[in-house]
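**Q**
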Amino acid sequence: MERWQNKLAVVTGASSGIGAACSRAMIAAGLRVVALARREKKLKELSESLPSNLKQNLIARRCDVSKEEQVISTFDWIQRELGGADVLLNNAGITRETELVAARNTQKLRDVIDTNLMGVIWCTREVFHNFKSRNTEGHVFIVNSIAGHQVLNFIGVLPSFNIYPATKFAITAITETYRQEFQLHTNKVRVTGICPGAVNTNIFPEEIHFYVKNMARLQPSNIADAILYALRTPPNVQIHEITIKPMGEIF
């Protein structure tokens, strides 16, 4: 991790779960972190959870990645005020309880698409220009899902995941597209997709928690370990995708 000491990482969806765990882990490993989320109160709680000597290495900023204008202004601010990012963790993701065929559910579907898919596209585009303007190496992480490789069949067990698997399948394709596009540029940028199984987070709506509470699940810290592993690899190594499942997972 020596080459990442005091480098700047941007983490989306940093207020809880995987994002919060990864922010803590990267700060403990010597990076500074810009923690982005919609919930400023939760970002403050994240800051307060850090050891007193590390609090200054967390920079909290409100940003809804489903809003392109907020993403652009945030990365402009990061470039202007902090010198630009070196690592991006695209972690923000949501689900909504509905069915694709449900009546008048357009806003629920758009919310998922704009956060899970467009948010990744906008953040990665902006951070890439942070990298390119300084001709520096960089590393982009995208939290995908095993649902990005198979549509999990929970008929009669769980409510429909509707548009969520489609956004994650798109992320699988986008991760490979980034790998190819990054090679067209002289500055070395790596991309790594992280595909967890079920994780103990609050991504599931309250209505679904009843169904998943006894399911084998990973802890957010397990995902943070995978992020640090990929960061530690030499610059010539492309860790393209890591799949992580809890022992005893049913799918």
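Each residue of the sequence shown is one higher than the one before, counting from -4 in the numbering used here. Glycine included, every Cβ here is placed at the ideal spot set by N, Cα and C.
(1) How close, in whole Å, do the beta carbons of residue 17 and residue 84 come, if the pair is a contact with beta carbons under 8 Å?
(2) Pairs of beta-carbons, one from the segment 38 to 55 and one from the segment 7 to 23, closer than 8 Å: are there three or more?
(3) Can you name the start and end residues of the alpha helix (DSSP H) that residue 118 belongs to?
(4) What's the call for residue 3, buried or exposed, on a 16-neighbour Cβ count within 10 Å?
(5) If you draw a straight line from the C-alpha of residue 127 to the C-alpha of residue 14, how long is it?
(6) For the alpha helix (DSSP H) holding residue 217, just list the boundary residues, first then last.
(7) Quick one: measure Cβ to Cβ for residue 170 and residue 139, integer angstroms, because I've assumed they're closer than 8 Å.
(8) Check whether the segment 140 to 148 touches the segment 173 to 185, taking contact to mean three or more Cβ pairs, one atom from each stretch, closer than 8 Å.
(9) Taking residue 111 as the reference, which of -4, 160, 219 and 243 has the closest Cα?
(10) I'd like to check one pair, residue 56 with residue 28: are the Cβ atoms closer than 8 Å?
(11) Let me check one thing: in DSSP terms, what residues is residue 55 bridge-paired to?
(12) Following a CB-centred definition, is residue 128 positioned closer than 7 Å to any heavy atom of the ligand PLP?
(13) Where are the beta strand (DSSP E) runs, 3 residues long or more, that stay fully inside the segment 43 to 95, in chain order?
(14) Leaving out five residues on either side along the sequence, give the residues of the same chain with a beta carbon under 6 Å from the beta carbon of residue 122.
(15) Ordered along the chain, which non-local residues of its own chain (more than five positions away) have a Cβ less than 7 Å from that of residue 223?
(16) Over the uninterrupted alpha helix (DSSP H) stretch that includes residue 4, give me the two end residues.
(17) If I follow the unbroken alpha helix (DSSP H) through residue 110, where does it start and stop?
(18) Please classify residue 237: does DSSP put it in a helix, a strand, or coil?
(19) May I ask you to report which of helix, strand or coil DSSP gives residue 177?
(20) Secondary structure at residue 141, three-state DSSP: helix, strand or coil?
(21) Relative to the alpha-carbon of residue 64, which residue among 130, 109, 245 and 197 has its alpha-carbon at the smallest distance?
**A** Taking the geometry as given:
(1) 6 Å
(2) yes
(3) 114 to 129
(4) buried
(5) 25 Å
(6) 215 to 227
(7) 7 Å
(8) no
(9) 160
(10) no
(11) 30
(12) As for the ligand PLP, it is missing from this structure, which has no ligand bound.
(13) 53 to 57 and 82 to 85
(14) 80 and 83
(15) 20 and 24
(16) Taken as a continuous stretch (DSSP letters only), residue 4 belongs to no alpha helix (DSSP H), being part of the beta strand (DSSP E) at 3 to 6.
(17) That residue, residue 110, is in no alpha helix (DSSP H); it is neither H nor E in DSSP.
(18) strand
(19) helix
(20) helix
(21) 109
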